[in-house]
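> Residue numbers for the sequence shown follow the UniProt record's numbering, so the first one is 1 and each next one is one higher.
The beta carbon of each residue, even a glycine, is placed where N, CA and C say it ideally should be.
This structure is a prediction, so every number in the text was calculated from the model and none was measured.
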Amino acid sequence: MEKAALPLAGLRVLDLSRILAGPSAAQLLGDLGADVIKIEHPLGDDTRRWGPPDFEGSAAYYLACNRNKRSRVLDFKRAADREALLSLLAGADVLLENFKVGDLARHGLDYAALAPRFPRLVYCSITGFGQTGPDAARVGYDALIQGLSGLMSITGPDVDRPTKVGVAVADLGTGLYAVVAILAALLERSRSGLGQHIDLALLDTQVAGLANVAMNFLCTGEVPRPLGNAHPTIVPYQSFATADRPLMLAVGSDLQFASLCVALGEPAWAVDPRFVTNPARVAHRAELVALLEQRLSQKTRDEWLQIFAAAAPQFPHGPIRDLAEVAADPQVAHRGLFTAMDDGRTPCLKNPIVFSRTPIAHYRRPPRLGEHPDATWQEDPV
1 MEKAALPLAG LRVLDLSRIL AGPSAAQLLG DLGADVIKIE HPLGDDTRRW
51 GPPDFEGSAA YYLACNRNKR SRVLDFKRAA DREALLSLLA GADVLLENFK
101 VGDLARHGLD YAALAPRFPR LVYCSITGFG QTGPDAARVG YDALIQGLSG
151 LMSITGPDVD RPTKVGVAVA DLGTGLYAVV AILAALLERS RSGLGQHIDL
201 ALLDTQVAGL ANVAMNFLCT GEVPRPLGNA HPTIVPYQSF ATADRPLMLA
251 VGSDLQFASL CVALGEPAWA VDPRFVTNPA RVAHRAELVA LLEQRLSQKT
301 RDEWLQIFAA AAPQFPHGPI RDLAEVAADP QVAHRGLFTA MDDGRTPCLK
351 NPIVFSRTPI AHYRRPPRLG EHPDATWQED PV
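1. In chain order, what residues of the same chain have a beta carbon less than 6 angstroms from the beta carbon of R18, not counting five sequence neighbours either side?
2. Out of F240, P313, F308, T300, which has the shortest C-alpha to C-alpha gap to residue 420?
3. Are V122 and I39 closer than 7 angstroms when you measure CB to CB?
4. Answer with buried or exposed for I320, where buried requires no fewer than 16 other C-beta atoms within 10 angstroms of its C-beta.
5. Measure the C-alpha to C-alpha separation of E188 and G195 and round it to an integer number of angstroms.
6. To the nearest angstrom, how far is the alpha carbon of A9 from that of L32?
7. Consult DSSP for L183 and reduce its assignment to one of helix, strand or coil.
8. With three or more C-beta pairs closer than 8 angstroms as the rule, is the segment 304-313 touching the segment 277-285?
9. To which residues does DSSP link V36 through a beta bridge?
10. Using the Cα positions of P232 and W269, report the straight-line distance between them to the nearest angstrom.
11. Taking the straight line between their C-alpha atoms, what separation do you get for D322 and F76?
12. Taking 6 angstroms as the limit between beta carbons, can you name the residues of its chain near L264, skipping five residues before and five after?
13. Rank Q314, F338, I126, L74 by C-alpha distance to the C-alpha of K350 and give the top, closest one.
14. For E222, collect the residues of the same chain with a Cβ closer than 8 angstroms to its Cβ; drop the 5 residues on either side in sequence, then sort them by chain order.
15. What residues match up with I234 in a beta bridge as DSSP calls it?
16. By DSSP's criteria, A250 is part of a beta bridge. Which residues make up the other side?
17. Count the other CB atoms, across all protein chains shown, that sit within 10 Å of the CB of T277; report buried if there are 16 or more and exposed otherwise.
18. With a threshold of 8 angstroms on Cβ separation, who are the neighbours of D81 within its own chain once the five nearest residues in sequence on each side are excluded?
19. How far does the alpha helix (DSSP H) with C219 in it reach, from first residue to last?
20. From this set, R357, L63, E83, which residue's C-alpha is nearest L6's C-alpha?
21. Between which two residues does the alpha helix (DSSP H) containing D302 stretch?
22. Helix, strand or coil for H317, going by three-state DSSP, please let me know.
23. Using 7 angstroms as the threshold, is the C-beta distance between L96 and A26 below it?
24. If we call anything under 7 angstroms between Cβ atoms a contact, is R368 one with D343?
25. Following the continuous alpha helix (DSSP H) through E325, name the residue where it begins and the one where it ends.
26. Drop a sphere of 10 angstroms on the beta-carbon of F315, count the other beta-carbons inside from all chains shown, and report buried for 16 or more, exposed for fewer.
27. Are the CB atoms of V159 and R78 within a distance shorter than 7 angstroms?
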């Protein structure tokens with residue numbers, strides 16, 4: 001049976017972005033079958049120099065978000081290079097960029113200048129603060145946005161130690177929103193025949209990403225505070241120390257809590273009026289957590305995990321692992337989450353999307369700077 005084409009086969013994407021948000025979005029489109037040409041300044045994407053660590057001369061950071069692309073160097077200050085971009089745009093479906101507001105307009109490459117000539121073009125702009133507003137001209141990196149969005153104020157052990165999340169969640173979240181927006185605009189184009197401009201801001205997507213925590217504030221007016229590894233409205237839903245190493249409990253229902261109590265050898269806690277329902281447990285959080293800490297300290301992590309594994313019904317629990325432990329996990333190995341690119345050498349993280357008919361087939365190594373100097377479109381257009 002002939003293998004089905006990837007979902008985005010024939011889609012043509014010009015990736016003018018750099019760092020993480022835009023490149024991760026373009027990489028995902030490439031994973032899904034789009035033909036992606038990465039357009040770089042002669043100095044290249046900043047992340048090419050964001051090492052060590054490196055692998056065979058490329059920074060690991062750059063390798064994380066630039067597979068399944070080709071690289072072409074263009075300097076928009078040169079008329080010939082601007083013309084080369086316009087030539088590529090004649091066959092492009094999507095342009096993705098994260099220049100500062102106004103930078104591309106100076107070269108006649110902003111959406112307003114291009115739309116009359118390329119009316120079907122979906123043009124996605126990613127910035128720190130959006131195309132409009134008092135902060136539109138500001139530069140915004142992920143760490144800054146984590147602070148400005150309120151995320152750091154709810155992350156960490158206490159109010160005096162606001163903490164940045166360990167990965168660039170504002171960048172990665174914006175990249176995912178970009179893919180959703182681009183695909184939605186393409187679907188709408190199939191009806192209207194017209195492209196459109198997409199304005200995405202790291203600040204906007206990270207504020208939207210506060211989700212239930214922000215809704216708690218909007219509904220009550222109470223400013224949320226950090227709870228360490230705990231949850232604001234579910235108890236017990238946090239990490240706990242044991243006699244040696246910590247573990248995680250994520251008990252999401254009263255039935256699960258009752259099962260936990262039996263496993264701990266404390267069935268009376270499940271019928272204690274202070275703990276019998278989740279709202280009661282939230283109200284008496286400190287008392288319950290103190291009891292759990294005292295009980296869990298009496299055995300090692302692995303002893304508790306063995307006991308919890310036999311519980312019925314089951315409740316979510318597990319060890320807190322480092323990446324070496326994650327890599328050794330049988331489930332992670334079964335899903336193939338740590339894999340290699342098509343060259344058989346370069347390590348990479350598997351795309352987590354599993355299609356039944358059109359599986360992701362290629363992990364082409366991120367290109368060297370200007371590796372494809374004459375790159376043109378390969379696939380038949382959509």
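The relevant details are as follows:
1. The beta carbon of R18 sits closer than 6 angstroms to the beta carbons of D45, D46 from its chain, once the five residues preceding and following it are set aside; these are given in chain order.
2. Residue 420 is absent from the structure shown; the chain starts at 1 and stops at 382.
3. No, Cβ-Cβ distance for V122 and I39 is not below 7 angstroms.
4. Of the other Cβ atoms in all chains shown, fewer than 16 fall within 10 Å of the Cβ of I320; this residue is therefore exposed.
5. Linking E188 to G195 through their CA atoms gives a straight-line distance of about 8 angstroms.
6. Rounded to whole angstroms, the gap between the alpha carbons of A9 and L32 is 7 angstroms.
7. Looking at L183 - three-state DSSP - the assignment turns out to be helix.
8. Contact between the segment 277-285 and the segment 304-313 is absent, because fewer than three Cβ pairs lie under 8 angstroms.
9. Per DSSP, V13.
10. Between P232 and W269, the C-alpha separation is close to 21 angstroms.
11. The alpha-carbon atoms of D322 and F76 are separated by roughly 44 angstroms.
12. The beta carbon of L264 is closer than 6 angstroms to those of R295 in its chain, skipping five residues each way along the sequence.
13. Ranking Q314, F338, I126, L74 by CA distance to the CA of K350 puts F338 first.
14. So the list reads N216, once near-sequence residues are dropped.
15. Looking at the DSSP assignment, I234 forms no beta bridge with any residue, so it has no partner.
16. The partner list for A250 (beta bridge, DSSP) reads Y237.
17. Of the residues assessed, T277 falls on the exposed side of the cut-off, its CB having fewer than 16 other CB atoms within 10 angstroms.
18. Leaving aside the five residues that flank D81 on each side, the residues in its chain whose CB is nearer than 8 angstroms to its CB run, in chain order, L74, D75.
19. Its alpha helix (DSSP H) spans residues 211-220.
20. Taking only the C-alpha atoms, the option nearest L6 is R357.
21. Where D302 is concerned, the enclosing alpha helix (DSSP H) stretches over 301-309.
22. Strand at H317.
23. Contact flag set, yes.
24. Cβ atoms of R368 and D343: not closer than 7 angstroms.
25. Start and end: 323-327.
26. Counting of Cβ neighbours within 10 angstroms places F315 among the buried residues, the total reaching 16 or more.
27. Contact: no.
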